[in-house]
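If you read the sequences in order, they're chains X and R. Per the numbering used here, the first sequence runs over residues 165 to 426. Per the numbering used here, the second sequence runs over residues 21 to 369. Everything below concerns the one structure shown next.
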Amino acid sequence: MAFFEVKNLSIYFGGLVALDGISFTLNQGEIYAIIGPNGAGKTTLFNCINGIYHPSHGDILFKGQSIRGKKPDKVARMGIARTFQNIELFNNMNTMENIMLGRHLRMKTGLFRGAFLWGKRSFAGLEEVAHRRKVEEIIDFLDLQSSRNKLVGGLPYGTQKQIELARALALEPELLLLDEPCAGMNAEEKQDMIFWVKDVQDELGVTVLLIEHDMQMVMDISDRILVINFGRPITEGTPSEVQRHPEVLKAYLGENEGVCAA
Amino acid sequence: MDMKRDYYEDIQLFSSGVVIFWFVAMMVFLAVVPFIFKNYYIYVINFMAINVIVVLGLNLLVGYTGLISLGHAGFFAIGAYGTVVLITQAHLPFLLALLVAGLIAAIFGFLLGLPALRLEGPYLAIATLGFGVTVTQVIGKIKILGERQGLHAPDLIIGPWHFDTDKDFYFLLIPIAIILAFAARNITKTKVGRAFISIRDAEIAAETMGVNLTFYKTLAFALSAFYAGIGGGLYAFVLRFIEPELFSLSLSIMFLTMAVVGGLGSMMGPIAGACLLSWLDLQLRNILDIPYLGEWLRSLSQSYFSLTGVSNIQYIVFGGILLFIMLFEPLGIFGIWIRTKKYWKTWPF
Ligand SMILES: Nc1ncnc2c1ncn2[C@@H]1O[C@H](COP(=O)(O)OP(=O)(O)OP(=O)(O)O)[C@@H](O)[C@H]1O
Ligand SMILES: [Mg+2]
């Protein structure tokens with residue numbers, strides 16, 4: 165049984181074929197990258213996995229179980245977390261609270277215990293403290309200490325990207341979907357991000373599905389790469405294999421410079 | 021370092037000595053109010069407390085979860101009629117009747133929350149508006165609820181105590197309002213409240229992090245309706261007489277105005293907004309008694325508006341305030357407060 169498997173996945177928006185027969189398999193613990201030009205369907209693929217979009221054909225299996233058609237919160241419950249290409253943070257919460265939302269599924273305080281039985285030793289109090297301690301570890305890991313108590317809406321772009329990663333990690337996922345984690349970052353931030361994603365794989369043993377335009381990152385850390393264009397698979401293989409593929413050179417890497425500058 | 025205490029400080033209510041000072045000062049003030057103020061002011065404060073309760077709940081829905089309701093007068097009515105009828109017909113004791121009526125309102129809130137899963141913004145506003153109007157229409161047709169003639173509230177008895185005067189009500193209302201305010205505040209600081217805010221700020225992200233939208237949106241509606249129901253149940257006894265006309269669309273809009281004026285999505289803001297507008301509402305009802313101004317308004321109304329226009333002047337004023345706030349201070353009183361907070365945080369120490 166494969167750890168994660170996408171089988172012949174297609175989705176149409178009206179007449180537009182956004183994904184057309186995408187298939188691939190993830191081994192547990194690997195970093196698997198999906199690359200392709202703008203509009204290739206990469207984010208759409210994530211949206212299908214998350215249950216935000218409903219695929220027209222095909223299936224998605226996580227640890228042998230189909231997650232196609234499951235609602236996003238059910239997908240999260242199974243252990244799949246994600247970051248977004250266009251940052252989707254809770255702007256009016258501070259960094260700590262944003263990451264705390266990643267603990268949502270692991271917390272039990274309901275309305276009643278939250279409302280009335282409160283105090284340091286109450287159920288809600290103890291639970292909050294325990295989970296905040298866990299979040300603090302993530303904050304330390306990702307170097308977010310200086311933004312801990314700041315509203316995320318006003319933080320720099322790169323920091324917001326980091327917080328997205330932190331929030332996803334707080335879910336303690338088995339599979340992590342990263343949609344362009346390096347987009348819009350400067351060289352130094354990029355270097356840090358590459359280091360963290362590697363660490364997430366090595367230290368936490370999380371399987372990573374990565375969308376990224378930055379070729380340095382993709383070639384550096386991916387175990388395998390899938391190239392798609394116009395919703396269709398072009399080729400799949402290790403970084404060195406993919407780099408040599410003629411169609412990749414033509415369809416993607418040729419305009420690599422332009423994409424990176426964007 | 022005691023790490024445990026460190027984390028608790030993030031969410032602790034009494035985060036500093038200054039906060040404790042103000043809290044104690046507030047409690048002392050509330051405790052002596054009935055002994056130093058005239059009866060009329062106690063009536064005003066009771067009225068404020070009821071609106072505070074409703075607006076706290078409305079704020080959880082509108083301010084924290086980012087949904088809208090123009091139908092809260094409906095939940096308010098369900099709470100008011102429910103409490104009275106549960107006492108007179110089912111012979112429940114007051115507090116139990118109040119609680120059950122609040123829960124009935126919550127069930128209606130849950131049901132109204134279901135369409136909220138599919139409707140957005142203006143469409144949800146219309147749906148909730150329709151609900152509020154329907155409730156008063158239906159109540160006006162039900163015999164046991166007094167139809168259009170209205171209902172008298174029975175005497176308010178809890179155990180050995182009879183609550184007759186405004187002062188008596190004060191001692192009942194204020195503790196309930198304080199408990200509900202604490203509850204609302206605590207909810208916003210724990211798991212459920214975070215889920216609400218996450219839905220408001222980034223619904224898709226909330227969902228992919230595991231927040232069940234169906235559950236939390238309907239929960240927000242039910243919770244908000246519960247607060248309105250409790251407020252309504254208390255209102256029936258403060259007024260002593262209820263009729264369908266009391267629970268009009270204008271009332272729903274007034275609740276919303278109170279929340280907006282105070283500043284959505286904060287705790288103290290809506291409380292301040294509810295107090296301020298309750299006071300204004302009562303003052304404006306007596307505006308015709310003011311020399312000159314009353315006369316002038318009467319003639320203005322008779323020549324340009326309807327004959328009864330002046331009696332509704334508070335709604336015109338509220339509309340104006342709402343517009344003003346939206347245009348110039350979207351964060352409401354809370355926004356003004358934030359700006360002066362630095363100063364207050366250290367005052368008077
Ligand atoms: N909800 C939608 N309705 C209609 N068309 C859509 C929808 N979502 C995506 N598409 C279309 O599907 C195609 C793939 O879009 P997608 O966002 O997946 O591209 P991408 O590979 O992530 O590109 P980029 O590198 O720019 O992020 C595009 O043509 C897009 O316009
Ligand atoms: Mg994309």
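All C-beta atoms in this analysis are idealised placements derived from N, C-alpha and C, irrespective of residue type, glycine included.
Run through chain A and tell me which residues come within less than 8 Å of residue i, C-beta to C-beta.
i      : result
X/T273 : Absent from the structure is chain A; the protein chains it does hold are X and R.
Work out the CA separation of residue j and residue i for me, nearest whole Å.
i      : j      : result
X/S386 : R/L137 : 40 Å
R/F241 : R/K209 : 18 Å
X/Q407 : X/M383 : 9 Å
X/D343 : X/V364 : 15 Å
X/E336 : X/L368 : 9 Å
R/S244 : X/K325 : 34 Å
R/G152 : R/Q169 : 19 Å
R/D186 : R/D309 : 23 Å
X/E405 : R/M229 : 35 Å
X/L209 : X/A330 : 22 Å
R/V105 : R/Q322 : 40 Å
X/A182 : X/Y176 : 6 Å
R/I31  : R/G83  : 19 Å
X/E411 : X/A204 : 14 Å
R/L131 : X/G289 : 32 Å
R/A45  : R/P195 : 16 Å
R/F43  : R/A292 : 15 Å
X/K171 : R/L139 : 34 Å
X/N350 : X/Y321 : 10 Å
R/L320 : R/I333 : 11 Å
X/N262 : X/I327 : 8 Å
R/R25  : X/K414 : At R/R25 the pLDDT is 42, less than 50, meaning the model places this residue with poor confidence and gives no usable figure here.
X/N420 : R/I273 : Interpretation of X/N420 is limited by its pLDDT of 48, a score under 50 that renders its predicted location unreliable; the figure taken from the coordinates is listed afterwards. If I take the Cα positions, the gap works out to 56 Å.
R/T148 : R/S270 : 13 Å
R/T234 : R/D184 : 43 Å
X/H409 : X/K354 : 26 Å
R/F128 : R/P135 : 12 Å
R/V155 : R/P264 : 9 Å
R/L347 : R/C295 : 22 Å
For residue i, which option in the options has the closest C-alpha, if you only look at C-alpha atoms?
i      : options                           : result
X/T402 : X/R388, X/E411 and X/N393         : X/R388
R/Y28  : X/H221, X/I375 and X/F287         : X/F287
R/E223 : X/L341, X/F254 and X/G179         : X/F254
X/P219 : X/S187, X/R246, X/G200 and X/I198 : X/S187
R/I262 : R/Y190, R/I356 and R/L171         : R/L171
R/G160 : R/A145, R/A225 and R/L266         : R/L266
R/Y236 : R/V281, R/G133 and R/F114         : R/G133
R/V75  : R/A201, R/S218 and R/A225         : R/A201
R/Q109 : R/L165, R/D30 and R/G282          : R/L165
X/L269 : X/T259, X/G243, X/G289 and X/N256 : X/G243
R/G251 : R/K58, R/A51 and R/A117           : R/A117
R/I65  : R/V258, R/G314, R/N306 and R/M346 : R/V258
R/I217 : R/L81, R/H182, R/S270 and R/L317  : R/L81
R/A225 : X/V316, X/I216 and X/G185         : X/I216
X/I398 : X/G185, X/V361, X/M165 and X/L180 : X/G185
If residue i sits next to residue j, beta carbons under 8 Å apart, how far is it from one beta carbon to the other, in whole angstroms?
i      : j      : result
R/G102 : R/I124 : 5 Å
X/I303 : X/R297 : Not quite, the Cβ-Cβ distance comes to about 11 Å (not below 8 Å), so this is no contact.
R/A121 : R/G99  : 5 Å
X/L173 : X/G222 : 4 Å
R/I70  : R/L254 : 5 Å
R/I107 : R/F114 : 6 Å
Does the beta-carbon distance from residue i to residue j come in below 8 Å?
i      : j      : result
X/H295 : X/R267 : yes
R/F354 : R/G289 : yes
X/I199 : X/E400 : no
R/I219 : R/G91  : no
R/L78  : R/F275 : yes
R/G249 : R/A126 : yes
X/F167 : X/T323 : no
X/R241 : X/L341 : no
X/L275 : R/I207 : yes
R/V371 : X/D237 : Residue coverage of chain R in this structure runs from 21 to 369, which leaves residue 371 of chain R outside it and unanswerable.
Residues of the segment 236-262 of chain R in Cβ contact with chain X at a cutoff of 8 Å, in chain order, please. L239 and L243
Any C-beta of chain R within less than 7 Å: which residues of the segment 328-349 of chain X qualify? R331 and L335
Determine which residues of the segment 295-311 of chain X have a Cβ less than 8 Å from any Cβ of chain R, and write them out in chain order. R296, R297 and E300
Give, in chain order, every residue of the segment 272-292 of chain R whose Cβ lies closer than 8 Å to some Cβ of chain X. G285
By the 7 Å beta-carbon criterion, what residues does the segment 252-267 of chain X contribute toward chain R? E252, L253, F254, N255, N256, M257, M260, E261, M264, L265 and G266
Can you list, in chain order, the residues of the segment 205-221 of chain X whose Cβ is nearer than 7 Å to any Cβ on chain R? N214 and I216
Output needed in chain order: residues of the segment 229-254 of chain X with a Cβ under 8 Å from some Cβ in chain R. K235, P236, D237, V239, A240, R241, A245, R246, F248, E252, L253 and F254
Name the residues in the segment 79-90 of chain R whose C-beta lies less than 9 Å from a C-beta of chain X; which are they? none
Of the residues that make up the segment 173-205 of chain R, which ones have a beta carbon closer than 7 Å to any beta carbon in chain X? A203
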